[in-house]
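Numbering (UniProt numbering), first residue to last: 1 to 323.
Just so you know, even glycine gets a beta-carbon here, dropped at the ideal spot from N, CA and C.
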Ligand code: SF4
């Protein structure tokens, strides 16, 4: 069996807050195969962006492990981690906040290559910068432009070019199209998919938008309050969602077909459980119409339903699917 490019084992990230400990990421196990895209979805505050940052060690995990090409990166020192980051990059939601507004387009794209001394001469760096601009669809005449002179789509292309500049294998895409107009979203998604084909890239694609994640992902992980509650190949998740939270998320997708406009929209009622010092048991229980006593006491384990489908729910139909 091949080793996945990326794997997390019981990954945790807790933050100290006034009332105790906020469990932003709480025991997440995911694997991503080389050249594939794992979509990570969930409401805002579910811990998906924190998960991406903990995987890259932009914030230090509180527990668990991250394996890249089968080797743990948790114990790596600063120097080794700097080398590792060449292989693991991130594209942010708001490219404007992640780039220096005083630098030109070419300077921003070249920055990582200069800092990491990737090429021996400046000329080689500028040549590679020009190639990267071409790869992401930025006209060469924009090399001297400043970020504020460009629209959101072009600014995101700068972020993508910069992420590609060190030749990564794995990229965390953290809501990369959420701040863009719908027409530009499609262009950026198509660009990311083309780059994946061209360079064999592996993505973790974080979003709250299920339509976007369906378009780009081979597999989807659904997160709720710091935990992965369901994971499945994309078609399987959309055709046969098992967790009540996933079912409610899918039922809430707006329907463009006018004949479906009377479709019943399922509203998730109830209070969101606090992620600060959470009690053991299913964190969705306060909002779940199927909750029983069996749902409290211990966190439901992620059960293997077969075919790469996993679900963390004690509900009977999950058990039935296993038999
Ligand atoms: Fe609902 Fe219980 Fe399943 Fe949680 S474990 S989603 S409360 S049925």
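query: Report the three-state DSSP secondary structure of residue 145 (helix, strand or coil).; result: coil
query: Could you tell me the distance, in whole angstroms, from the CA atom of residue 87 to the CA atom of residue 112?; result: 13 Å
query: Does the Cβ of residue 279 have 16 or more other Cβ atoms within 10 Å, making it buried, or fewer, making it exposed?; result: exposed
query: For a quick check, are the C-beta atoms of residue 224 and residue 42 less than 8 Å apart?; result: yes
query: At which residues does the alpha helix (DSSP H) containing residue 245 begin and terminate?; result: 244-251
query: For the candidate residues 301, 276, 196, whose alpha-carbon lies nearest to that of residue 243?; result: 301
query: Could you check whether the Cβ of residue 146 sits closer than 7 Å to any heavy atom belonging to ligand 1?; result: no
query: Please say whether residue 29 and residue 8 have beta carbons closer to each other than 8 Å?; result: yes
query: Using a Cβ-based criterion (distance less than 7 Å to any ligand heavy atom), does residue 313 qualify as near ligand 1?; result: yes
query: In this structure, does DSSP put residue 118 in helix, strand or coil?; result: coil
query: DSSP three-state call for residue 208: helix, strand or coil?; result: coil
query: Pick helix, strand or coil for residue 84, following the three-state DSSP scheme.; result: helix
query: Mapping DSSP to helix, strand and coil, what is residue 136?; result: coil
query: Looking at C-beta atoms only, is the number of pairs between the segment 174-181 and the segment 100-116 that lie closer than 8 Å three or more?; result: no
query: Determine the contact status of residue 207 and residue 45, defining contact as a CB-CB distance below 8 Å.; result: no
query: If you draw a straight line from the alpha carbon of residue 12 to that of residue 57, how long is it in whole angstroms?; result: 12 Å
query: Write down the C-beta distance between residue 227 and residue 26 rounded to the nearest angstrom, noting that I regard them as a contact closer than 8 Å.; result: 5 Å
query: Whole angstroms is fine: what's the gap from residue 334's alpha carbon to residue 212's?; result: Nothing can be reported for residue 334, as the shown portion of the chain is limited to 1 through 323.
query: Tell me where the beta strand (DSSP E) around residue 227 begins and ends.; result: 227-233
query: Report all residues from its chain with a CB closer than 6 Å to the CB of residue 106; omit the five preceding and five following residues, and keep chain order.; result: 129, 143
query: Tell me whether residue 221, by its Cβ, gets closer than 7 Å to a heavy atom of ligand 1.; result: no
query: According to DSSP, is residue 177 helix, strand or coil?; result: coil
query: Indicate the three-state DSSP secondary structure (helix, strand or coil) for residue 49 in the structure shown.; result: helix
query: Quick check on the DSSP output: the alpha helix (DSSP H) that includes residue 284 runs from which residue to which?; result: Per DSSP, residue 284 belongs to no alpha helix (DSSP H) and is neither H nor E.
query: Using the rule of at least 16 other Cβ atoms within 10 Å of the residue's Cβ for burial, across every protein chain shown, is residue 174 buried or exposed?; result: buried
query: Among 275, 298, 281, whose alpha-carbon lies nearest the alpha-carbon of residue 17?; result: 275
query: Pull the bridge partners of residue 67 from the DSSP assignment, please.; result: 7, 72
query: Taking its Cβ as the centre, do 16 or more other Cβ atoms sit within 10 Å of residue 297, making it buried, or is it exposed?; result: exposed
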